[in-house]
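J.: Residues in the sequence shown are numbered from 284 upward in steps of one, following UniProt numbering.
C-beta atoms are modelled at their ideal positions from N, C-alpha and C, and glycine is treated no differently.
Before I ask anything, here is the structure I am working with.
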Amino acid sequence: RWARQDGFGPALFDPVRADEERRRHHLAAEMPAALTRGEFTLYYQPLLRLADRAVIGVEALARWSRPGDGLVMPLHFIPVAERTGLIRPLGRHLLELACRRGAAEPGLLISVNLSPVQLRDPGLVASVADILHRTGLPAARLQLEITETAETLHHRPALAGLAALGIRLALDDFGTGYSSLAVLATLPFTEAKLAGEFLRDTRRRDVLGHIIDTCHALGMTVTAEGIETPEQERLLRELGCDHGQGYHLGRPRAGLPHSVPLAASDRTDSR
Ligand code: C2E
Ligand code: MG
Ligand code: MG
Ligand code: MG
Numbered sequence: 284r285w286a287r288q289d290g291f292g293p294a295l296f297d298p299v300r301a302d303e304e305r306r307r308h309h310l311a312a313e314m315p316a317a318l319t320r321g322e323f324t325l326y327y328q329p330l331l332r333l334a335d336r337a338v339i340g341v342e343a344l345a346r347w348s349r350p351g352d353g354l355v356m357p358l359h360f361i362p363v364a365e366r367t368g369l370i371r372p373l374g375r376h377l378l379e380l381a382c383r384r385g386a387a388e389p390g391l392l393i394s395v396n397l398s399p400v401q402l403r404d405p406g407l408v409a410s411v412a413d414i415l416h417r418t419g420l421p422a423a424r425l426q427l428e429i430t431e432t433a434e435t436l437h438h439r440p441a442l443a444g445l446a447a448l449g450i451r452l453a454l455d456d457f458g459t460g461y462s463s464l465a466v467l468a469t470l471p472f473t474e475a476k477l478a479g480e481f482l483r484d485t486r487r488r489d490v491l492g493h494i495i496d497t498c499h500a501l502g503m504t505v506t507a508e509g510i511e512t513p514e515q516e517r518l519l520r521e522l523g524c525d526h527g528q529g530y531h532l533g534r535p536r537a538g539l540p541h542s543v544p545l546a547a548s549d550r551t552d553s554r
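If you want it as structure tokens, here you go:
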């Protein structure tokens, strides 16, 4: 057999895969200059408190405004940046953008995604502290979202260092990985973000209430991601889920939402 056993490169020539590989190399080569030119920006998606629909914060989502190619989505370039190592300077740039934007918006929680590769960087905690200091965003208004992977759980010192800064830590895409609740309970996460799959997969939907209760018992707040319908919003509110995010509640946009948390009397219940 000619198939390679090392897991690298195509086993046999596969034109689709070769094309994909070429595109990735192309993007990888272009990214450092694109970063210098300021082509990486953020969109912001509102995070709502389900009890009264007040906007309590935003999740910052990376976009690459690539001349001649429109807006490139993060799933196309974040994995590339993780492989080349550019994720470190890119991540710092995006974090700084988000904090600077958030500093001008009193009361708003700014939630930024952090790659597991950044978590491995021994300079991470110092660089987050430096960005908070330079932008003037209070630590309590910054949340870092870390996807639930097997690796995440091995970075206890980094997680503890970040928590010690006074920022919040969210476990992103919770329910797609393999962490046991027993392990989670020993890590300094303040919030669990339930993956949208919980809403779409009926078998998981059955355990939704239990998951929310367990997260609460572990001292975490819960955000449901991927809320696309009024029925999903109602169900989650009934189950006591704290916060929600999804196309039904607000799409990612270039600007911050009009974000001053609504007073109960100003609330619009129509939607
Ligand atoms: P994520 O952190 O889980 O972010 C949520 C993703 O779900 C976003 O996709 C958002 O646009 C999308 N989404 C929001 N509401 C809905 C909904 O109702 N239905 C569905 N189907 N999707 C919804 P996006 O912006 O394409 O980002 C994809 C992923 O890329 C993110 O998933 C995150 O893991 C990663 N990412 C995005 N920005 C950054 C970044 O600045 N740094 C790092 N390291 N990763 C990032
Ligand atoms: Mg996220
Ligand atoms: Mg994520
Ligand atoms: Mg997520």
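To the nearest angstrom, report how far apart Ala422 and Ile393 are at their CA atoms.
T.: As a first step, residue 422 must be located in the sequence shown, where it is residue number 139. As a first step, residue 393 must be located in the sequence shown, where it is residue number 110. Using only the alpha carbons, I get a separation of about 10 Å.
J.: Which value, in whole angstroms, describes the spacing of the CA atoms of Leu425 and Thr324?
T.: Counting from one through the sequence shown, the residue named residue 425 turns up at place 142. Counting from one through the sequence shown, the residue named residue 324 turns up at place 41. Rounded to whole angstroms, Leu425 to Thr324 spans 18 Å at the Cα level.
J.: So, at 7 Å on beta carbons, what are the nonlocal neighbours of Ala537 in its own chain, with the 5 sequence-adjacent residues on each side left out?
T.: Start at 1 with the first residue of the sequence shown, and residue 537 comes out as number 254. Excluding residues within five positions, the ones whose Cβ falls inside 7 Å are Tyr326.
J.: Figure out for me which residue from Val363, Ala343, Thr504 has the closest Cα to the Cα of Glu379.
T.: Within the sequence shown, numbered from 1, the residue matching residue 379 stands at position 96. Ranking Val363, Ala343, Thr504 by Cα distance to Glu379 puts Ala343 first.
J.: What whole-angstrom Cβ distance do Asp525 and Thr506 have, given they're in contact under 8 Å?
T.: Numbered from 1 along the sequence shown, position 242 holds the residue referred to as residue 525. Numbered from 1 along the sequence shown, position 223 holds the residue referred to as residue 506. Asp525 to Thr506, Cβ: 7 Å. Contact.
J.: Please work out which residues of its chain come closer than 8 Å, Cβ to Cβ, to Leu448, disregarding the five sequence neighbours upstream and downstream, and give them in chain order.
T.: Looking up residue 448 in the sequence shown gives position 165. Taken in chain order, the residues that qualify are Val408, Val411, Ala412, Leu415, Ala422.
J.: From Arg346 to Ala312, what distance separates their C-alpha atoms?
T.: Numbered from its first residue, the sequence shown carries residue 346 at position 63. Numbered from its first residue, the sequence shown carries residue 312 at position 29. Roughly 17 Å between the two C-alpha positions.
J.: Tell me whether residue 277 sits in a helix, a strand or coil according to DSSP, three-state version.
T.: Any property of residue 277 remains undetermined from this structure, which presents the chain solely from 284 to 554.
J.: So is the beta-carbon of Ile361 under 7 Å away from any non-hydrogen atom of ligand 1?
T.: Here residue 361 is taken as the residue at index 78 of the sequence shown, counted from 1. Yes, the beta carbon of Ile361 sits closer than 7 Å to at least one heavy atom of ligand 1.
J.: Return yes when at least one heavy atom of ligand 4 lies under 7 Å from the C-beta of Glu508, else no.
T.: As a position in the sequence shown, residue 508 is number 225, starting the count at 1. Because some heavy atom of ligand 4 lies under 7 Å away, the Cβ of Glu508 counts as near it: yes.
J.: Can you name the residues that DSSP bridges to Arg536?
T.: Here residue 536 refers to the residue found at position 253 of the sequence shown. Arg536 pairs with Tyr327.
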